[in-house]
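Quick note on my numbering: the sequence shown kicks off at 89 and runs consecutively.
Below is one structure, written out as structure tokens, with a few remarks after it.
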Amino acid sequence: MTEVKWNIGDVVQLRSGGPRMTVTQLGLTHGRVECSWFVADTELRSAVSDSQGVVRGGDAQE
Numbered sequence: 089m090t091e092v093k094w095n096i097g098d099v100v101q102l103r104s105g106g107p108r109m110t111v112t113q114l115g116l117t118h119g120r121v122e123c124s125w126f127v128a129d130t131e132l133r134s135a136v137s138d139s140q141g142v143v144r145g146g147d148a149q150e
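Okay, structure coming up:
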């Protein structure tokens, strides 16, 4: 499987859809990336995801 190369600041989305997120941290174990997004324009959330589980923002299959 080809490793996806992300940069901090890239806008991504889960392959399954969901909010657009910003890549905020790279180099986590096993090809994982940390992404952040806002909920209701006021609450900042973040989560760690497999780098292959996200696509460029807006390219998710819905």
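Note that beta-carbon positions come from the ideal geometry of N, C-alpha and C, so glycine has one too.
First and last residue of the uninterrupted beta strand (DSSP E) at residue i
{"i": "Q140", "result": "Counting along the chain, Q140 falls outside any beta strand (DSSP E), and DSSP gives it neither H nor E."}
{"i": "T117", "result": "Where T117 is concerned, there is no enclosing beta strand (DSSP E), given that its DSSP letter is neither H nor E."}
Cα-Cα separation between residue i and residue j, rounded to whole angstroms
{"i": "G115", "j": "G97", "result": "14 Å"}
{"i": "S134", "j": "C123", "result": "5 Å"}
{"i": "V136", "j": "V121", "result": "6 Å"}
{"i": "H118", "j": "G145", "result": "22 Å"}
{"i": "V127", "j": "N95", "result": "23 Å"}
{"i": "G106", "j": "K93", "result": "21 Å"}
Buried versus exposed call for residue i [16 or more other C-beta atoms within 10 Å across all chains shown]
{"i": "M89", "result": "Low per-residue confidence applies at M89: pLDDT is 48, beneath 50, and the placement is therefore not dependable enough to give any value."}
{"i": "Q113", "result": "exposed"}
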